[in-house]
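Written out below as structure tokens is the structure these notes cover.
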Amino acid sequence: MQAQVLVLDFGSQFTQLIARRVRELGVYSEIRACTTKPDQIDRSGLKAIVLSGGPASVTSADAPVFDEQWLETGIPVLGICYGMQLIANHFGAELVSGASREYGYSTCLVQNNTTLFDGFEKGENTPIWMSHGDHVESIPNGFDLLGSSPGAPHAAIGCDAQKIFGVQFHVEVAHTPRGKDILGNFLFKIADCRKDWTSSGFISESVKRISREVSAGGNVICGLSGGVDSTVAAVLVAKALGDRLHCIFVDNGLLRKDEKQQVMQALSSAELGLQITAVDGESRFLSALKGVSDPEEKRKIIGRVFIEVFEEQAEKIDNVTHLVQGTLYPDVIESVSVRGPSATIKTHHNVGGLPERMNLKLIEPLRELFKDEVRRIGGELAIPVELLNRQPFPGPGLAVRILGDITPERLKILREADQIFHDEIAAEGLYHSLWQSFAVLLPIQSVGVMG
9 MQAQVLVLDF GSQFTQLIAR RVRELGVYSE IRACTTKPDQ IDRSGLKAIV
59 LSGGPASVTS ADAPVFDEQW LETGIPVLGI CYGMQLIANH FGAELVSGAS
109 REYGYSTCLV QNNTTLFDGF EKGENTPIWM SHGDHVESIP NGFDLLGSSP
159 GAPHAAIGCD AQKIFGVQFH VEVAHTPRGK DILGNFLFKI ADCRKDWTSS
209 GFISESVKRI SREVSAGGNV ICGLSGGVDS TVAAVLVAKA LGDRLHCIFV
259 DNGLLRKDEK QQVMQALSSA ELGLQITAVD GESRFLSALK GVSDPEEKRK
309 IIGRVFIEVF EEQAEKIDNV THLVQGTLYP DVIESVSVRG PSATIKTHHN
359 VGGLPERMNL KLIEPLRELF KDEVRRIGGE LAIPVELLNR QPFPGPGLAV
409 RILGDITPER LKILREADQI FHDEIAAEGL YHSLWQSFAV LLPIQSVGVM
459 G
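Using my numbering, the first residue of the sequence shown is number 9, and each one after it goes up by one.
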């Protein structure tokens, strides 16, 4: 999908949150490194630019910079925190470092309730969240003062003629209660964005794209774990390709209690349209893991054996051309540094080495989505809610929750303990409010003493 909003990332911990807030308002947004140049982007459908915050000081010699031609394109721009300071600096304003720092809760006195603050009362103090050491000391020529705070006399500025605006505070965080109103004013009243980012629209576009990507007669394979990402990806591809998608569920013997049966039962319904082959690889995995205590070595062994088992199953299917991966948008973003592609943070690989080894093309139907969006798409696809709301479970399974050797007996103990723990968590109504909850088996013995 063509992005209407481009977020240039200067290293803020909130950059992904900006993109998510824009999408929550119904507008598709994407994140790019701050080094991205205007001529590197298809700007035909681009409606707005957002400059993120960042931990650096604009006045520092090694501060992240951007191509200032972005401010000359005529596309509306909103700078947040560091982004506002970049705008002010570009237009000749004075910046002051460290004189009046603000971190945490503050208020913004609305000085001008047009454009960015439309719907606010002039003179009202609206709660905001600050995180800055520098501030804009003077307003650039052609800009108006829109808001001020106790520690930032120019907390919000704007130039209606050029449609360039800046806020020193973070509109994207929940601690700025009316941040979405300000962001919405920028998107819809200044940048004239359309509300066309919906779950149903994404599904429709994805089905068309996948159908085009896979030629007639080509088959597709997917490693299905029962987790949210692989499940939603598989159902989406099945909607496009039907029985040309072949899902492979590998039971590595390291799953939670009754997990294989639960996953197979939940995913085998006719409504989802999945064709699943379950492979019992328990003895093979446990044999390879015998005597291994180091957790990183466990991961490597499990990954290697999984690839071997997966390849063997895939070879039984004729004319396989593509592999499905549940890559998410944060995986894509984290593969590029804010200082450009020359300084990579990490290279993401969901199923390490499989596409290259098997000479397959990738289908990554979720690579544009955040996790919460994946769950919404899953709901639209009628995937059982118990699968969509499952807590994350590591790929190596219980192997990394057992410290020391892995044996059938120790796996049985951990499965039972984990099940009891989860039953109690669920009974108290806490399961969905916790990111993760699990039991760990330690290689020690302990006793209780009475009296």
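Using N, Cα and C, we set each Cβ at its ideal position, and we do this for glycine too.
Exposed or buried, residue i, counting other C-beta atoms within 10 Å across all chains shown (16 or more means buried)?
| i | result |
| --- | --- |
| residue 349 | Because residue 349 carries a pLDDT of 34, less than 50, the predicted location of this residue cannot be relied on, and the following value inherits that uncertainty. The residue is exposed, with fewer than 16 neighbouring Cβ atoms inside 10 Å. |
| residue 354 | Any reading at residue 354 needs caution, since the residue's pLDDT is 37, under 50, leaving its predicted position unreliable; the model's value is listed next. By the 10 Å Cβ count, residue 354 comes out exposed. |
| residue 55 | buried |
| residue 352 | Residue placement at residue 352 is flagged as unreliable, the pLDDT there being 36, under the threshold of 50; the coordinate-derived value follows with that caveat. Flag for residue 352 reads exposed. |
| residue 41 | buried |
| residue 252 | buried |
| residue 111 | exposed |
| residue 448 | exposed |
| residue 429 | exposed |
| residue 80 | exposed |
| residue 359 | Residue placement at residue 359 is flagged as unreliable, the pLDDT there being 44, under the threshold of 50; the coordinate-derived value follows with that caveat. Result: buried. |
| residue 20 | buried |
| residue 234 | buried |
| residue 163 | buried |
| residue 400 | exposed |
| residue 38 | buried |
| residue 105 | exposed |
So the alpha helix (DSSP H) residue i belongs to, where does it begin and stop?
| i | result |
| --- | --- |
| residue 369 | First-last for residue 369: 369 to 371, but that is the beta strand (DSSP E), not the alpha helix (DSSP H). |
| residue 242 | 236 to 249 |
| residue 209 | 207 to 221 |
| residue 400 | Run containing residue 400: none; DSSP gives neither H nor E here. |
| residue 386 | 379 to 388 |
| residue 271 | 267 to 275 |
| residue 26 | 23 to 32 |
| residue 374 | No alpha helix (DSSP H) holds residue 374; DSSP gives it neither H nor E. |
| residue 187 | 187 to 192 |
Rank the options by C-alpha distance to the C-alpha of residue i and give the top, closest one.
| i | options | result |
| --- | --- | --- |
| residue 43 | 37, 59 and 35 | 59 |
| residue 178 | 122, 137, 170 and 171 | 137 |
| residue 185 | 115, 340 and 170 | 115 |
| residue 402 | 262, 367, 441 and 286 | 262 |
| residue 70 | 18, 314, 57 and 89 | 18 |
| residue 309 | 260, 428 and 340 | 260 |
| residue 255 | 171, 321 and 93 | 321 |
| residue 130 | 118, 141 and 123 | 118 |
| residue 65 | 76, 48 and 94 | 94 |
| residue 406 | 265, 195 and 46 | 265 |
| residue 327 | 368, 180, 341 and 172 | 368 |
| residue 89 | 61, 105, 75 and 113 | 61 |
How close, in whole Å, do the beta carbons of residue i and residue j come, if the pair is a contact with beta carbons under 8 Å?
| i | j | result |
| --- | --- | --- |
| residue 244 | residue 214 | 6 Å |
| residue 542 | residue 451 | Coverage of the chain is limited to positions 9 through 459, which leaves residue 542 absent and any answer about it impossible. |
| residue 147 | residue 101 | 6 Å |
| residue 228 | residue 236 | About 20 Å separates the two Cβ atoms, so there is no contact after all. |
| residue 84 | residue 198 | 5 Å |
| residue 378 | residue 28 | 6 Å |
| residue 396 | residue 375 | In fact, because the Cβ distance is near 19 Å, the residues do not count as touching under 8 Å. |
Start and end of the beta strand (DSSP E) containing residue i?
| i | result |
| --- | --- |
| residue 87 | 85 to 88 |
| residue 161 | 160 to 167 |
| residue 429 | It is not in any beta strand (DSSP E) - residue 429 instead sits in the alpha helix (DSSP H) that spans 416 to 435. |
| residue 253 | 253 to 259 |
| residue 155 | 152 to 157 |
| residue 174 | 172 to 175 |
| residue 395 | It is not in any beta strand (DSSP E) - residue 395 instead sits in the alpha helix (DSSP H) that spans 393 to 396. |
task = With a floor of 3 residues, list each beta strand (DSSP E) that falls wholly inside the segment 278 to 329, ordered by position along the chain.
result = 284 to 288
request  = Run through the segment 114 to 145 for me and flag every whole beta strand (DSSP E) of 3 or more residues, listed as ranges in chain order.
outcome  = 133 to 144
query = For the segment 42 to 105, which segments carrying the beta strand (DSSP E) assignment without a break, of at least 3 residues, lie completely within its bounds, in sequence order?
reply = 56 to 59 and 85 to 88
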